[in-house]
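In the numbering used here, the protein residues as written are -5 to 357.
Listed below in structure tokens is the structure:
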């Protein structure tokens, strides 16, 4: 006869199978090796002798506390030694144990919990044992599941035993471009109130900062740069003034690898701070003149307004990003950047141009 605990497990598992998953939910992909639902049912139906502790004449167990708990778990480990091994997706584990933390207690020796990156974890006294290396996306989803379900073991595991996969510098910049790919409310929860307060972000919910906050979350969790040859440097190139500019939401980040990324709605202070925390020295360059192959194109007048000369007439406008890209494609960058005002940065950019036959532009 199946016990009430096993009936509960079977009913809960059927419910979890029937529930639809949102795209943002914690989900283990089909490419991971997991067990069929019938394997779990067979495990719950496996006949075992219940644990009955030895007691004295007054009915009190001889073993106490930790010793008693260890004796019980060893009993069920022996009872289930011939039972099928079940590889359970971590989302099913979280759903089954959120309301009843002891739901899988007696079955722990025959369960492997599979995380979203196919890593296999064990259970011991309700705690996940092992370590996971996850993508930023899966880390955020696991963090969200633990918070949403109030799942203490999953939250502790996520905080203490999850490591993030390293990313290349170009992948880090792609995060900055992906504002809408991240739930800003969730990302802010991973950063914590004290951090947000110190950064002046506690009461701000600007969705255009989604990528910057996600990169901060990656850095705070211990994210690392992979395949970095030498010291990776970044230059965020900004106009000295925004008066008279066209298409002002685009920003250029030039990397020491010879790649220039064009990013919309970049929050420069957050991006600079996040990249710095990841070990990427980032310099903000202020530009007050633009040259292309034909010579000077855009300049600042005496009141800080951009203008350009067209057929001898002054036009008070400038497409800063477009002209800057033209400058970086030719030797005119030598005049766009001020060697006397920023000699160190100028030399570093010269090194980038020397070491790369051409700049690669990524939109």
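Ideal Cβ placement from N, Cα and C applies to all residues, glycine included.
Rounded to whole angstroms, what is the Cα-Cα separation between residue i and residue j?
i           : j           : result
residue 178 : residue 231 : 26 Å
residue 340 : residue 288 : 21 Å
residue 105 : residue 81  : 6 Å
residue 109 : residue 150 : 15 Å
residue 348 : residue 251 : 11 Å
residue 190 : residue 268 : 13 Å
residue 291 : residue 155 : 54 Å
residue 28  : residue 95  : 22 Å
residue 308 : residue 273 : 44 Å
residue 22  : residue 84  : 7 Å
residue 220 : residue 93  : 40 Å
residue 198 : residue 176 : 15 Å
residue 15  : residue 318 : Confidence in residue 15 is poor, its pLDDT being 42 and thus under 50, which makes the residue's placement too unreliable to answer from.
residue 54  : residue 217 : 52 Å
residue 51  : residue 123 : 39 Å
residue 355 : residue 157 : 31 Å
residue 316 : residue 192 : 36 Å
residue 37  : residue 131 : 32 Å
residue 62  : residue 47  : 8 Å
residue 263 : residue 72  : 58 Å
residue 284 : residue 293 : 6 Å
residue 25  : residue 117 : 22 Å
residue 44  : residue 148 : 28 Å
residue -5  : residue 35  : With a pLDDT of 37 at residue -5, under the threshold of 50, the modelled position of that residue is not reliable, and no figure is offered here.
residue 201 : residue 185 : 16 Å
residue 126 : residue 213 : 17 Å
residue 174 : residue 164 : 18 Å
residue 351 : residue 336 : 23 Å
residue 344 : residue 280 : 17 Å
residue 322 : residue 114 : 48 Å
Should residue i be labelled buried (16 or more other beta-carbon atoms within 10 Å of its own) or exposed?
i           : result
residue 49  : exposed
residue 233 : buried
residue 97  : buried
residue 56  : exposed
residue 32  : exposed
residue 338 : exposed
residue 100 : buried
residue 225 : exposed
residue 181 : buried
residue 76  : exposed
residue 242 : exposed
residue 297 : exposed
residue 102 : buried
residue 194 : exposed
residue 205 : buried
residue 326 : buried
How far does the beta strand (DSSP E) with residue i in it reach, from first residue to last?
i           : result
residue 255 : 253 to 258
residue 107 : 105 to 108
residue 347 : It is not in any beta strand (DSSP E) - residue 347 instead sits in the alpha helix (DSSP H) that spans 337 to 349.
residue 285 : 283 to 286
residue 307 : 307 to 309
residue 301 : 300 to 304
residue 83  : 80 to 83
residue 39  : From DSSP, residue 39 is part of no beta strand (DSSP E) but of the alpha helix (DSSP H) over 31 to 39.
Can you list, in chain order, the residues of its chain with a C-beta nearer than 6 Å to that of residue i? Leave out the 5 residues immediately preceding and following it.
i           : result
residue 17  : At residue 17 the pLDDT is 37, less than 50, meaning the model places this residue with poor confidence and gives no usable figure here.
residue 129 : 159
residue 40  : 77
residue 277 : 229, 339
residue 70  : 100
residue 120 : 95, 147
residue 245 : 257, 260
residue 295 : 301
Locate the alpha helix (DSSP H) running through residue i, then write down its first and last residues.
i           : result
residue 136 : 130 to 143
residue 22  : No alpha helix (DSSP H) contains residue 22, which DSSP labels as neither H nor E.
residue 147 : 146 to 154
Please work out which residues of its chain come closer than 8 Å, Cβ to Cβ, to residue i, disregarding the five sequence neighbours upstream and downstream, and give them in chain order.
i           : result
residue 152 : 133, 136, 137, 140
Once the 5 residues before and after residue i are set aside, which same chain residues still bring their CB inside 7 Å of it?
i           : result
residue 187 : 196
So, does the segment 136 to 145 touch the segment 78 to 95, judging by three or more C-beta pairs under 8 Å? yes
The segment 234 to 254 touching the segment 299 to 314, judged by at least three CB pairs closer than 8 Å: yes
With a cut-off of 8 Å, do at least 3 Cβ pairs link the segment 294 to 308 to the segment 246 to 260? no
Would you call the segment 164 to 175 in contact with the segment 204 to 218, where contact means no fewer than 3 C-beta pairs closer than 8 Å? yes
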